[in-house]
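> At position 513 of the sequence shown the residue is numbered 513 (the UniProt record's numbering), and the sequence of numbers has no breaks.
We put the CB at the ideal spot given by N, CA and C, even for glycine.
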Amino acid sequence: MSNIGISAMHMQLLNNDRIIMYDRTDFGASNMSLPNGKCRNNPNDLALKVDCTAHSVEYDVSTNSVRPLMVQTDVWCSSGSTTSDGTLVQTGGFNDGENVIRVFKPCNGNSTTCDWKEIGGALIQSRWYATNHVLPDGRQIIIGGRDAFDYEFYPKTTSTNNVFSLPFLQQTSDPREENNLYPFVFLNVDGNLFIFANNRAILFDYAKNTVVKTYPQIPGGDPRNYPNTGSAVLLPLKNLRAQSIQAEVLVCGGTKRGSYLSAERGNFLGALNTCGRIIITDPNPQWTVETMPLARTMGDMVILPNGNILIINGAAAGTAGWELGRSPVLSPVIYRPDNSSDSRFEVHNPNTIPRMYHSTSILLRDGRVLVGGSNPHERYNFTVLFPTELSLQAFSPSYLDSESANSRPQIISPASRRKVKYGGRVNMRFTVFGSINRNLVKVTMVAPGFNTHSFTMNQRMLVLSSGNVTRVARSTYKVNSVFPNSSNLAPAGYYMLFVVHQDIPSEGIWIRIQ
């Protein structure tokens with residue numbers, strides 16, 4: 001879509017295949033009017049006290065259409081994740097939005113009335129550039145932010161109606177560059193949190209407010225978090241019925257220490273071309289370093305349904321920040337984590353639109369990756385280097401090429417929106433119209449994440465234990481899938497479920513684990 005009216009700084013896919021997107025609210029008018037003559041009257045706004053334009057939209061994948069939404073307070077550089085019932089919980093922002101929580105419940109049917117609901121003062125600490133993660137008990141933890149060396153929970157309980165100090169965030173904060181913002185946070189298989197900030201990482205027991213393990217510094221020592229923005233993913237979790245399950249984190253790209261201050265003086269240093277990979281469950285964890293074919297900062301990393309990683313968007317020089325990036329990286333790269341170390345990266349055909357600071361990307365249920373945003377300017381500006389981008393594009397991985405059509409599975413059953421229990425078994429029926437290699441069939445489940453500033457919060461893939469694939473009719477097969485038995489592995493909520501054959505995924509269905 002060439003124009004959605006706003007620049008998509010933040011994105012979240014909901015379980016009705018609609019995507020909530022929003023930008024900041026304090027830069028003036030967007031290019032999308034609010035409906036029915038509505039206007040936002042906000043005496044605290046730093047640009048327009050009366051604003052009749054939208055700064056959030058709902059994008060419907062099936063109809064390729066957008067609907068304007070009303071957000072009252074400033075959501076600039078905020079965070080979020082979905083709850084177990086599929087509600088988007090968005091936290092913090094700037095100015096009058098820094099202590100606000102906003103919730104958006106997915107619309108049922110063709111409803112056009114659902115919109116943001118805002119809860120003023122719901123955050124104890126101001127949260128700007130924080131990171132959220134869903135916990136095994138269904139709460140969200142909100143970690144860090146500018147001048148916020150602590151964490152809190154939503155919803156609050158008697159025992160969590162407070163903020164909790166996290167000295168690690170202060171220890172990794174550079175007062176000149178603040179390069180521990182939007183820390184990379186992943187739920188480990190033991191229920192603790194892996195937290196990476198600047199160039200260091202810890203395993204953290206949030207229930208006891210205790211550091212369980214301190215990991216080695218990433219080799220090279222350069223920072224990887226905002227504004228020296230790299231990206232990170234928890235690699236797909238496998239062997240879920242094993243006694244000990246391995247969890248591994250991949251951190252890619254970023255910029256050299258001092259790049260932000262250098263870019264402010266007009267000297268745009270080259271981005272990093274390295275990835276660090278570490279098994280966070282190892283008793284003696286060590287980083288291994290791999291070299292990307294293209295140096296990249298402000299890139300996004302998206303887990304594809306087959307377990308490969310898409311690296312897309314970003315720049316080859318400079319840093320995050322207004323006007324501070326140069327040399328857009330137009331070519332996406334696929335990273336295959338299970339290949340030998342010398343054959344993991346594959347460069348794909350270049351995009352035509354630079355996606356720089358404030359660009360976004362998320363996985364869709366049909367296997368494409370939706371890409372949007374890019375606005376390196378304090379206002380909307382369409383006549384400069386790297387103009388404000390209001391378009392959406394879809395990146396189609398090679399598994400969607402026409403020559404793969406006969407090998408592509410199609411799920412027959414169960415129906416979408418099936419509820420499953422922890423440890424439950426589900427017989428999945430699917431078709432493959434070409435020849436099938438039953439040993440190359442797997443079932444994957446992916447949690448849809450909240451993407452902003454090159455990090456997708458709560459992004460998670462699990463490869464399900466599967467029984468033998470059996471043929472039940474011509475071109476029709478059955479596979480018995482066993483779901484995770486613990487919310488430490490998969491917090492309750494909605495996931496996209498795929499059948500993958502020879503690295504070619506079906507279209508996904510929604511399942512809800514509880």
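So, do the stretch 13–32 and the stretch 352–366 have three or more beta carbon pairs nearer to each other than 8 angstroms?
yes
> Would you kindly report the start and end of the unbroken alpha helix (DSSP H) that includes Ala315?
On the sequence shown, position 315 is the one that residue 315 refers to. Run containing Ala315: none in the alpha helix (DSSP H); it sits in the beta strand (DSSP E), Ala315 to Gly318.
> Is DSSP giving Ser327 helix, strand or coil here?
Reading the sequence shown from its first residue, position 327 is the one you call residue 327. In the structure shown, Ser327 sits in a strand (DSSP, three-state: E or B).
> Give the list of continuous beta strand (DSSP E) stretches no shorter than 3 residues that lie fully inside the stretch 74–121.
Counting only runs of 3 or more, we get 79–82, 88–91, 101–104 and 117–119.
> Between the beta-carbon of Arg368 and the beta-carbon of Ala394, is there less than 8 angstroms?
On the sequence shown, position 368 is the one that residue 368 refers to. On the sequence shown, position 394 is the one that residue 394 refers to. In contact: Arg368 and Ala394 (Cβ atoms closer than 8 angstroms).
> So is Arg417 buried or exposed if we call it buried at 16+ other beta carbons inside 10 Å?
As a working mapping, residue 417 is identified with position 417 in the sequence shown. That one is exposed.
> Out of Arg40, Pro68 and Leu46, state which residue places its alpha-carbon closest to the alpha-carbon of Asn31.
For the purposes of this step, residue 31 is taken as the residue at position 31 of the sequence shown. Cα-wise, what sits closest to Asn31 is Pro68.
> Smallest Cα separation from Thr274: which of Gln170, Ala263, Asn44 and Asp222?
Counting from one through the sequence shown, the residue named residue 274 turns up at place 274. That would be Asp222, whose Cα lies nearest to the Cα of Thr274.
> Are the Cβ atoms of Ala197 and Thr157 separated by less than 8 angstroms?
Taking the sequence shown and counting its residues from 1, the one referred to as residue 197 is at position 197. Taking the sequence shown and counting its residues from 1, the one referred to as residue 157 is at position 157. Not a contact, by the Cβ cut-off of 8 angstroms.
> If the criterion is Cβ atoms closer than 8 angstroms, does the pair Gln140 and Ser81 meet it?
The residue you call residue 140 lines up with position 140 of the sequence shown. The residue you call residue 81 lines up with position 81 of the sequence shown. Result yes, Cβ atoms of Gln140 and Ser81 sit closer than 8 angstroms.
> Which residues bound the beta strand (DSSP E) around Ser244?
Translated into the one-based positions of the sequence shown, residue 244 becomes position 244. From DSSP, Ser244 is part of no beta strand (DSSP E); its letter is neither H nor E.
> Provide the residue span of the alpha helix (DSSP H) that contains Tyr260, from first to last.
Translated into the one-based positions of the sequence shown, residue 260 becomes position 260. Ser259 to Glu264 is the span of the alpha helix (DSSP H), which, as asked, contains Tyr260.
> Can you name the start and end residues of the beta strand (DSSP E) that Phe168 belongs to?
Your numbering for residue 168 matches position 168 in the sequence shown. Counting along the chain, Phe168 falls outside any beta strand (DSSP E), though it belongs to the alpha helix (DSSP H) covering Pro167 to Gln171.
> Run through DSSP, which three-state label would Glu403 get?
Stepping through the sequence shown from its first residue, residue 403 is reached at position 403. Taken through DSSP and simplified to helix, strand or coil, Glu403 comes out as helix.
> Counting only runs of 3+ residues fully inside the stretch 184–214, write out the beta strand (DSSP E) ranges in chain order.
184–187, 193–197, 200–205 and 210–214
> Taking DSSP's pairing of strands, which residues face Met301 in a bridge?
As a position in the sequence shown, residue 301 is number 301, starting the count at 1. BP columns for Met301 point to Ile311.
> Could you compute how far the alpha carbon of Asn179 sits from the alpha carbon of Arg200?
For the purposes of this step, residue 179 is taken as residue 179 along the sequence shown, with counting starting at 1. For the purposes of this step, residue 200 is taken as residue 200 along the sequence shown, with counting starting at 1. Using only the alpha carbons, I get a separation of about 11 angstroms.
> Just mark Glu98 as buried or exposed, buried being the case when its beta carbon has 16 or more other beta carbons within 10 Å.
Translated into the one-based positions of the sequence shown, residue 98 becomes position 98. Buried: at least 16 other Cβ atoms inside 10 Å.
> Is it the case that the stretch 492–503 contacts the stretch 430–442, given that we only count it when at least three CB pairs across the two stretches are under 8 angstroms?
yes
> Rounding to the nearest angstrom, what Cα-Cα distance links Leu169 and Phe149 in this structure?
As a first step, residue 169 is located in the sequence shown; it is residue number 169 there, counting from the start. As a first step, residue 149 is located in the sequence shown; it is residue number 149 there, counting from the start. Answer to the nearest angstrom: the Cα atoms are 5 angstroms apart.
> Could you check what DSSP says for Leu440 in three-state terms: helix, strand or coil?
As a position in the sequence shown, residue 440 is number 440, starting the count at 1. In this structure, Leu440 counts as helix in the three-state DSSP scheme.
> Given Met11, which residues of its chain have a CB within under 7 angstroms of its CB, disregarding the five upstream and five downstream residues?
Here residue 11 corresponds to residue number 11 of the sequence shown, with the count starting at 1. So the qualifying residues of the chain are Ile19, Met21, Thr360, Ile362, Gly372 and Asn451.
> Can the beta-carbon of Asp96 be found closer than 8 angstroms to that of Thr63?
Here residue 96 is taken as the residue at index 96 of the sequence shown, counted from 1. Here residue 63 is taken as the residue at index 63 of the sequence shown, counted from 1. No, the Cβ-Cβ distance between Asp96 and Thr63 is not below 8 angstroms.
> Just the Cα atoms here: how many angstroms apart are Asp51 and Val75?
On the sequence shown, residue 51 is found 51 positions in, with the first residue counted as 1. On the sequence shown, residue 75 is found 75 positions in, with the first residue counted as 1. Cα-Cα distance, rounded: 15 angstroms.
> Classify Leu261 as buried or exposed, calling it buried when 16 or more other Cβ atoms lie within 10 Å of its own Cβ.
In the sequence shown, counting from the first residue as 1, residue 261 sits at position 261. By the 16-neighbour rule on beta-carbons within 10 angstroms, Leu261 is exposed.
> Whose C-beta lies closer than 7 angstroms to the C-beta of Gly424 among residues of the same chain, with five residues either side of it excluded?
Reading the sequence shown from its first residue, position 424 is the one you call residue 424. Cβ within range, chain order: Phe483.
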